[in-house]
Every structure is written in structure tokens, then in C-alpha cells.
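Peer 1: In numbering that gives the first Met the number 0, the protein residues as written are 0 to 166.
Where is the CB? At the ideal position from N, CA and C, for every residue including glycine.
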Amino acid sequence: MGIVTYPDEVLRGKSNPIEDVDDEIVSLADRMTEALFRAEGIGLAAPQVGVLKRLIVVNLEDDFHIVVNPEIVETNEETESAAEGCLSVPGPEADVERATEVEVSGYDLDGKEVKLTREGLAARVFLHEVDHLNGTLFIDHLSETARTLTLREYRNAQKEENTRAAA
Numbered sequence: 000m001g002i003v004t005y006p007d008e009v010l011r012g013k014s015n016p017i018e019d020v021d022d023e024i025v026s027l028a029d030r031m032t033e034a035l036f037r038a039e040g041i042g043l044a045a046p047q048v049g050v051l052k053r054l055i056v057v058n059l060e061d062d063f064h065i066v067v068n069p070e071i072v073e074t075n076e077e078t079e080s081a082a083e084g085c086l087s088v089p090g091p092e093a094d095v096e097r098a099t100e101v102e103v104s105g106y107d108l109d110g111k112e113v114k115l116t117r118e119g120l121a122a123r124v125f126l127h128e129v130d131h132l133n134g135t136l137f138i139d140h141l142s143e144t145a146r147t148l149t150l151r152e153y154r155n156a157q158k159e160e161n162t163r164a165a166a
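Shown next as C-alpha cells:
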């Protein structure tokens, strides 16, 4: 399972709620987990593998979660700007302002309700992945200048990668 990259239109789609956690959803979660580990990422949303379903995988050291229909219940008012990157915009990172704490609700693959409160990097990852489910990329949180520079860096990295692949 490959990771879809910018500017693929699926990354701008709004994901549909998952009505039933069936074998297809479990298989999707397994394939997403494999893709995340292979890419050495810390978070992945279903649109990033071309599927407009509300499903995310988060892997932060001892904090691994597969969340079905995740919703941001609450964020604190305190924010922090920190470098963020994305497997769908591989290469560049840019500072994004995000809440430092988040409460997330959803379901696990057994249909049990999940309620998580996370702070710091984990909060940032959950906010980033839920953004993907709504068709929002980290570059959308940047100023016009920062977005232009970040996308220029991305495009240059893509050109270099294509040149290396062709050689």
C-alpha cells in the first residue's frame, strides 16, 4: 500500500464515517499500519493511502493507536509552534501553531469507545491526522509565504528524487 502525495485530489476530500468495523476496515488498518512502519512515520490517515474513510493510525514509541471515526472533542487554549512534516508532502518541514493538549474520541477495531487526552507531540499528531480526514494539510496552516517556500522545497525534493530514480 503506497502513500499518496501532494497534490493528489484525494488529500483534499472529506472522509466518510465508518458505519461498521468489518473485515475490510480491519484489513485497511493493518495495511495502513504496515505503510506507516515502512515509512518510519508517526501518524497516518486513510486519505493518505487513497481511502476517504475516517480512520487513523498513530505510533509514538509506547503510544500506538488505531482510531475509527476520531473526533477532536476539546483542545486547550495554549498553543505552541513546532516543526511539522507529512508523509504526503515528503521532505520539507515547517512550523505550525497547534494546541498543546487535545482530547480525542473514537472507537477501536473492536468497536469499543476510545477517549484519549494527549499533550505535546502526541496532541500535534492527533490534530494533524484528524485534519487529513477533513481534507486539510499542514501547509494550509502556514502563511502564504511559508506555504510557498515549503512547496518549493517539496517540488525541488521531488525533482531530485525523480532524477535519482531515472539515473
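1. Could you give the distance in angstroms between the alpha-carbon of Gly169 and the alpha-carbon of Ala28?
2. Would you say Pro46 and Val88 are within 7 Å of each other, going by their C-beta atoms?
3. Since Leu136 and Cys85 are thought to touch, with beta carbons under 8 Å apart, how far apart are those beta carbons, to the nearest angstrom?
4. Which of the three DSSP states, helix, strand or coil, is assigned to Thr135?
5. Report the residue from His64, Glu77, Val95, Val129 whose alpha carbon sits nearest the alpha carbon of Glu143.
6. Indicate whether the contact test is met: 3 or more Cβ pairs, each with one atom in the stretch 97 to 105 and one in the stretch 113 to 126, closer than 8 Å.
7. Distance, Cα to Cα, Asn68 vs Val113?
8. Per the DSSP calculation, Ile55 is bridged to which residue(s)?
9. For Leu43, I'd like the list of residues in its chain whose CB is within less than 6 Å of its CB, leaving aside the five on either flank, ordered along the chain.
10. What does the Cβ neighbour count give for Pro91, buried or exposed, with the cut at 16 atoms within 10 Å?
11. Can you give the Cα-Cα distance for Glu33 and Ile24, rounded to whole angstroms?
12. Closest to Thr74 by CA distance: which of Leu108, Glu60, Leu115 is it?
13. Relative to the C-alpha of Tyr5, which candidate in Asp19, Arg146, Thr78, Ala164 has its C-alpha closest?
Peer 2: In terms of the structure at hand:
1. The structure shown has nothing for residue 169, since the chain only spans 0 to 166.
2. Contact check for Pro46 against Val88 fails: the beta carbons are separated by 7 Å or more.
3. So it is a contact: roughly 7 Å between Cβ atoms.
4. Collapsing the DSSP output to three states places Thr135 in coil.
5. Ranking His64, Glu77, Val95, Val129 by Cα distance to Glu143 puts Val95 first.
6. These segments touch.
7. About 10 Å.
8. Looking at the DSSP output, Ile55 shares a beta bridge with Ala44, Val66.
9. Only Met31, Leu35, Val56 meet the Cβ criterion.
10. Pro91 should be labelled buried.
11. Their backbone Cα atoms lie some 14 Å apart in a straight line.
12. For the set Leu108, Glu60, Leu115, the Cα lying nearest the Cα of Thr74 is the one of Leu115.
13. Ranking the options by Cα distance to Tyr5, first place goes to Arg146.
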